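Structure record follows, encoded as structure tokens.
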Amino acid sequence: MFRILPTFALISAFLQVAPLANAATDEEQNSAQPVDPVIEWNRTLLAIVRTPGAQPATIHSTRNFAILHAAIYDAVNNIDPRFSPYLVLLPDVPRSASRIAAADQAAHDVLAFLYPAFQASLDAELQQDFALLPDNERKAQGIAVGQAVAGQLLAARSADGANVTPPPYVPGNQPGDYQLTPPNFAPADFTQWPQVTPFALERADEFRPGPPPALISALYTEVFNEVKSLGFIDSTTRTAEQTEIGQFWKGNIQDFWNEIAQTARYNAISISRAARGYLRCWI
28 MFRILPTFAL
38 ISAFLQVAPL
48 ANAATDEEQN
58 SAQPVDPVIE
68 WNRTLLAIVR
78 TPGAQPATIH
88 STRNFAILHA
98 AIYDAVNNID
108 PRFSPYLVLL
118 PDVPRSASRI
128 AAADQAAHDV
138 LAFLYPAFQA
148 SLDAELQQDF
158 ALLPDNERKA
168 QGIAVGQAVA
178 GQLLAARSAD
188 GANVTPPPYV
198 PGNQPGDYQL
208 TPPNFAPADF
218 TQWPQVTPFA
228 LERADEFRPG
238 PPPALISALY
248 TEVFNEVKSL
258 GFIDSTTRTA
268 EQTEIGQFWK
278 GNIQDFWNEI
288 AQTARYNAIS
298 ISRAARGYLR
308 CWI
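Residues in the sequence shown are numbered from 28 upward in steps of one, following this note's numbering.
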């Protein structure tokens, strides 16, 4: 059973994400790099999922972002236990361990497992990061923590149902049955996703809204006519702002929100809080 976390609005997550170069800890101040491993590895994953063919067509990218940031969060939080762990609680973790090394190693191991075709570039990125940290026991301790956390999280998600072959969707012939839509009448995506183990809910339908209004109701007719009126390409009722909103939401919106989180900037925020902020964003 996965640990249940409180549900937060996405905006509360963005307010807690900031460049870790501004972090207040001694390790972060004394390292040779701008300390931003949370955002750095998030950008790496964004680049991967935007590479044509890199993201498996039947695996939603949000799952991999959630695993990445859960691993970073638990790796850092095992060393600096300011918050409740998401899933992994290691015994006897030295407080002297490098949080930066732990975050780097956990992120690398998750992405290398999920995207083996990028192993070489991920290895190089990790070594570049490690080269900027003192080669001492703290670094070795952090690496061990990151490896252990990533391994446990990947094992926990290995049978979550995401890799199941999506069952085909066959449109029904009754009023209200979903039909494939023009112009390309593409098959329905992620039809296995209702059975994937949630990250923070007890079950997938825990907060599912009620059904749409009955097809014969006045409310259904009103809503249908509104959608049709606003949705016409040459609609005369849709405002310029509504057109802009529609254009914005038609893309991979999870990527856009992710970039918004990356650009949030607040001073004096630690690696622990940055890791927690991104965890809230994806889980």
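A virtual CB, placed ideally from N, CA and C, is assigned to each residue, including glycine.
Given the structure is predicted, the values throughout are model-derived calculations rather than measurements.
> Under a Cβ-count criterion, where at least 16 other Cβ atoms within 10 Å of its own Cβ denotes burial, should W68 be classed as buried or exposed?
Replying inline: buried
>> If I measure Cβ to Cβ from A175 and keep anything under 7 Å in the same chain, skipping five residues before and after, which residues do I get?
In response: L117
> How is the alpha helix (DSSP H) around S88 delimited, first residue to last?
Replying inline: 88-106
> Over what stretch of residues does the alpha helix (DSSP H) that includes I260 continue unbroken?
Replying inline: Careful: I260 lies outside any alpha helix (DSSP H) and carries neither H nor E.
> By DSSP, does A182 sit in helix, in strand, or in coil?
Replying inline: helix
> Assuming P198 and Q219 make a contact with CB atoms under 8 Å, what is their CB distance in whole Å?
Replying inline: That belief does not hold up - the Cβ atoms of P198 and Q219 are roughly 18 Å apart, past 8 Å.
> Are the beta-carbon atoms belonging to G169 and S125 less than 7 Å from one another?
Replying inline: yes
>> Tell me which residue opens and which closes the alpha helix (DSSP H) that V11 is part of.
In response: Lying before the first or after the last residue shown, residue 11 is absent from the chain, which here runs from 28 to 310.
> In whole angstroms, what is the alpha-carbon distance linking I280 and I272?
Replying inline: 12 Å
> Is the Cβ-Cβ distance between L149 and A133 less than 7 Å?
Replying inline: no
> If we call anything under 7 Å between Cβ atoms a contact, is A130 one with I99?
Replying inline: yes
> Hey, out of Q269, D204, R235, whose CA is closest to L242's CA?
Replying inline: D204
>> Any contact between the segment 181-195 and the segment 143-157? By contact I mean 3 or more CB pairs, one from each, below 8 Å.
In response: no
> Since V65 contacts I94 with CB under 8 Å, what's their CB separation in whole angstroms?
Replying inline: Not confirmed; about 14 Å, so no contact.
> My guess is that P225 and A231 are in contact by the Cβ rule of under 8 Å, so how many angstroms apart are they, rounded?
Replying inline: 6 Å
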